[in-house]
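Participant:
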Amino acid sequence: MRELPEFTTDEAYEHGLAFQPWPTDIIISPYAKSGTTWTQQIVHTLRSRGDMAFDDISRVVPWLEVSTDFGIDLDAAQAWQPRAYKSHLTWHKVPKGARYIVPVRDPRDVLVSLYRFNEGWFFEPGSVSMAEYAVGFLEPSEGHGYWHHLLSWWPQRFRNDVLLLAYESMQADPAGTIQKIAAFCGIPLDEELLQLTLAHSSFEFMLRHKDRFDDKLMRDRSESHLGLPPGSDSAKVRRGQVGSHTYELSDEILARLAELWQQEITARIGLPSYEALHQEIDRDGFQSN
Numbered sequence: 002m003r004e005l006p007e008f009t010t011d012e013a014y015e016h017g018l019a020f021q022p023w024p025t026d027i028i029i030s031p032y033a034k035s036g037t038t039w040t041q042q043i044v045h046t047l048r049s050r051g052d053m054a055f056d057d058i059s060r061v062v063p064w065l066e067v068s069t070d071f072g073i074d075l076d077a078a079q080a081w082q083p084r085a086y087k088s089h090l091t092w093h094k095v096p097k098g099a100r101y102i103v104p105v106r107d108p109r110d111v112l113v114s115l116y117r118f119n120e121g122w123f124f125e126p127g128s129v130s131m132a133e134y135a136v137g138f139l140e141p142s143e144g145h146g147y148w149h150h151l152l153s154w155w156p157q158r159f160r161n162d163v164l165l166l167a168y169e170s171m172q173a174d175p176a177g178t179i180q181k182i183a184a185f186c187g188i189p190l191d192e193e194l195l196q197l198t199l200a201h202s203s204f205e206f207m208l209r210h211k212d213r214f215d216d217k218l219m220r221d222r223s224e225s226h227l228g229l230p231p232g233s234d235s236a237k238v239r240r241g242q243v244g245s246h247t248y249e250l251s252d253e254i255l256a257r258l259a260e261l262w263q264q265e266i267t268a269r270i271g272l273p274s275y276e277a278l279h280q281e282i283d284r285d286g287f288q289s290n
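In terms of the numbering used here, the sequence shown is residues 2 to 290.
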């Protein structure tokens, strides 16, 4: 089963899988709603020293699985180096030969963020309850979904071409995150560029420029494809609050997520909770020489 079938044609998806990256290319490939757009903006700001002359971040950091549908040539040179791409592919499917940044986020908060985001994309606000929406997320991986994505990338965390980041640590230490990403991408980082990147990747800045980060290309496509009202507001720039699951999810959903963590994650890699995995990522993360 391919990831995100609603967003892309089979032709574009297969073209993305067949992409042959350069060794210096950066592919940002987390699971959905785990800091993808934020990381796109960090990487693009670092390599361009603050360029904002784009109408959609995914024009300058193209999405591998969909860009062909919009006439974007994945093989073309980009205006800044290194070339950078977005993806949601697992390790098993992502084109090999590049460098990979993979933010990882608490599945409980991912579920909340997915629900809020998809209101207005795939269903009208209020038409689907959280309990109804959560059904698909609360299933075993079976070759796709959050659990499968995480398990595919976890064994790669010690590779020198893979940078796993904990979303929660990205929020807690944005300067340290930018320093890690710059070192990983081979981008010299001076104090001016650090401060510029902190400013341009802040929630306040991205919210002020949310029209650049709301996937207008994809939103227009979903509206015409699914018959949703034009101009639906499902902005990708949200606070991304850590721990929102504590007041957004029912006890039943939280219990099922805990059960799934034991079945899918603890049984395979031994980590008893997301908090334990978060600590492992912070301890084992990429260190520049």
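Yeah, the Cβ is synthetic: ideal placement off N, Cα and C, and Gly gets one too. Every value quoted in this text rests on a predicted model; they were computed, and no experiment measured them.
(1) Roughly how many angstroms separate the alpha carbons of tyrosine 101 and tryptophan 92, rounded to a whole number?
(2) Do leucine 195 and isoleucine 182 have their beta-carbon atoms positioned less than 8 Å apart in this structure?
(3) Can you list, in chain order, the residues of its chain whose CB lies under 7 Å from that of valine 129, leaving out five sequence neighbours each side?
(4) Cα-Cα, which of Ser30, Trp122, Gly36, Thr40 is closest to alanine 99?
(5) Could you check what DSSP says for tryptophan 262 in three-state terms: helix, strand or coil?
(6) Rank Trp81, Ala259, His16 by C-alpha distance to the C-alpha of glycine 72 and give the top, closest one.
(7) Check whether the Cβ atoms of lysine 87 and tryptophan 64 lie closer than 8 Å to each other.
(8) Leaving out five residues on either side along the sequence, give the residues of the same chain with a beta carbon under 8 Å from the beta carbon of valine 44.
(9) Taking all protein chains shown into account, do 16 or more other C-beta atoms lie within 10 angstroms of the C-beta of phenylalanine 20, making it buried, or fewer, making it exposed?
(10) Under a Cβ-count criterion, where at least 16 other Cβ atoms within 10 Å of its own Cβ denotes burial, should aspartate 216 be classed as buried or exposed?
(11) Under the assumption that tyrosine 32 contacts valine 111 (Cβ atoms under 8 Å), give the Cβ distance between them as a whole number of angstroms.
(12) Could you tell me the distance, in whole angstroms, from the CA atom of glutamine 157 to the CA atom of histidine 279?
(13) So, are the CB atoms of leucine 250 and arginine 50 less than 8 Å apart?
(14) Pull up the distance between the alpha-carbon of proline 273 and that of alanine 259, whole angstroms please.
(15) Name, in chain order, the residues that DSSP records as bridge partners for phenylalanine 124.
(16) Determine the closest residue to tryptophan 39 out of Ser68, Pro175, Trp154, with distance taken between C-alpha atoms.
(17) Pick out whichever of Gln172, Arg106, Leu166 has its Cα sitting closest to the Cα of tyrosine 275.
(18) Starting from the C-beta of threonine 269, find all residues in its chain whose C-beta is less than 7 Å away, skip the five residues before and the five after it, and write them out in chain order.
(19) Please report the straight-line C-alpha distance between leucine 190 and valine 163, rounded to a whole angstrom.
(20) By the 10 Å Cβ neighbour count, where 16 or more other Cβ atoms means buried, how is valine 136 classified, buried or exposed?
(21) From the DSSP output, in three-state form, read off isoleucine 58 for me.
(22) Could you tell me which whole beta strand (DSSP E) segments of length 3 or greater appear in the stretch 13-39?
(23) Where does tryptophan 154 sit, in a helix, a strand or coil, going by DSSP?
(24) Between the alpha carbons of glutamate 281 and proline 104, how many angstroms are there, rounded?
(25) Are there 16 or more other CB atoms within 10 angstroms of the CB of arginine 284, so buried, or fewer, so exposed?
(26) Which class does lysine 97 belong to by DSSP, given the choice of helix, strand or coil?
(27) Give the C-beta separation of isoleucine 254 and alanine 132 to the nearest angstrom, bearing in mind that I take them to be a contact with Cβ-Cβ under 8 Å.
(28) Count the other C-beta atoms from every protein chain shown that fall within 10 angstroms of the C-beta of leucine 261, then say buried if there are 16 or more, exposed otherwise.
(29) What residue from Arg117, Arg160, Pro83 has the CA that sits closest to proline 22's CA?
(30) Can you tell which of Phe118, Gln79, Pro141 has the C-alpha that lies nearest to the C-alpha of arginine 257?
Facilitator: Let me lay it out:
(1) By one-based count along the sequence shown, residue 101 stands at place 100. By one-based count along the sequence shown, residue 92 stands at place 91. Each residue's Cα considered, the two are about 9 Å apart.
(2) On the sequence shown, position 181 is the one that residue 182 refers to. On the sequence shown, position 194 is the one that residue 195 refers to. Their beta carbons are not under 8 Å apart, which means isoleucine 182 does not touch leucine 195 by this criterion.
(3) Here residue 129 corresponds to residue number 128 of the sequence shown, with the count starting at 1. Excluding sequence neighbours, valine 129 sits near nothing in its chain.
(4) Counted from its first residue, the sequence shown places residue 99 at position 98. It is Ser30 whose Cα lies nearest to the Cα of alanine 99.
(5) The count along the sequence shown starts at 1 and reaches residue 262 at position 261. Looking at tryptophan 262 - three-state DSSP - the assignment turns out to be helix.
(6) The count along the sequence shown starts at 1 and reaches residue 72 at position 71. Of the candidates Trp81, Ala259, His16, the one whose C-alpha sits nearest the C-alpha of glycine 72 is His16.
(7) Along the sequence shown, one-based indexing puts residue 87 at 86. Along the sequence shown, one-based indexing puts residue 64 at 63. Going by C-beta atoms, lysine 87 is nearer than 8 Å to tryptophan 64.
(8) Stepping through the sequence shown from its first residue, residue 44 is reached at position 43. So the list reads Ile27, Ile29, Val62, Ala85, Ile102, Ile182, Cys186, once near-sequence residues are dropped.
(9) The residue labelled residue 20 in the question sits at position 19 within the sequence shown. Buried: at least 16 other Cβ atoms inside 10 Å.
(10) Taking the first residue of the sequence shown as position 1, residue 216 is located at position 215. Buried is the call here.
(11) Translated into positions along the sequence shown, residue 32 becomes position 31. Translated into positions along the sequence shown, residue 111 becomes position 110. Right, the Cβ-Cβ distance comes to about 7 Å (below 8 Å), so this counts as a contact.
(12) What you label residue 157 is simply residue 156 of the sequence shown in a count that begins at 1. What you label residue 279 is simply residue 278 of the sequence shown in a count that begins at 1. Rounded to the nearest angstrom, the two C-alpha atoms are 15 Å apart.
(13) Taking the sequence shown and counting its residues from 1, the one referred to as residue 250 is at position 249. Taking the sequence shown and counting its residues from 1, the one referred to as residue 50 is at position 49. No.
(14) Your numbering for residue 273 matches position 272 in the sequence shown. Your numbering for residue 259 matches position 258 in the sequence shown. Taking the straight line from one Cα to the other gives about 9 Å.
(15) In the sequence shown, residue 124 corresponds to position 123, counting from 1. For phenylalanine 124, which the question treats as bridged, DSSP gives the partners Glu120.
(16) Within the sequence shown, the letter at position 38 stands for residue 39. Among Ser68, Pro175, Trp154, the Cα nearest to that of tryptophan 39 belongs to Pro175.
(17) For this step, residue 275 is matched to residue 274 along the sequence shown. It is Arg106 whose Cα lies nearest to the Cα of tyrosine 275.
(18) Along the sequence shown, one-based indexing puts residue 269 at 268. In the sequence as presented, threonine is not what sits at residue 269; that position holds arginine. Cβ within range, chain order: Leu152.
(19) Here residue 190 refers to the residue found at position 189 when the sequence shown is read from its first residue. Here residue 163 refers to the residue found at position 162 when the sequence shown is read from its first residue. Using only the alpha carbons, I get a separation of about 20 Å.
(20) Numbered from its first residue, the sequence shown carries residue 136 at position 135. Exposed.
(21) Sequence index remark: in the sequence shown, residue 58 carries index 57 (1-based). DSSP places isoleucine 58 in helix when its eight states are reduced to three.
(22) 27-29
(23) The residue labelled residue 154 in the question sits at position 153 within the sequence shown. Reduced to three states, the DSSP call for tryptophan 154 is helix.
(24) Residue numbering aside, residue 281 sits at position 280 when the sequence shown is read from its first letter. Residue numbering aside, residue 104 sits at position 103 when the sequence shown is read from its first letter. Roughly 13 Å between the two C-alpha positions.
(25) As a first step, residue 284 must be located in the sequence shown, where it is residue number 283. Label assigned to arginine 284: exposed.
(26) Indexing the sequence shown from 1 puts residue 97 at position 96. Lysine 97: coil per DSSP, three-state reduction.
(27) Numbered from its first residue, the sequence shown carries residue 254 at position 253. Numbered from its first residue, the sequence shown carries residue 132 at position 131. The Cβ separation is near 7 Å, so the contact holds.
(28) Sequence index remark: in the sequence shown, residue 261 carries index 260 (1-based). Buried: at least 16 other Cβ atoms inside 10 Å.
(29) Stepping through the sequence shown from its first residue, residue 22 is reached at position 21. It is Pro83.
(30) Position 256 of the sequence shown holds residue 257. It is Pro141 whose Cα lies nearest to the Cα of arginine 257.
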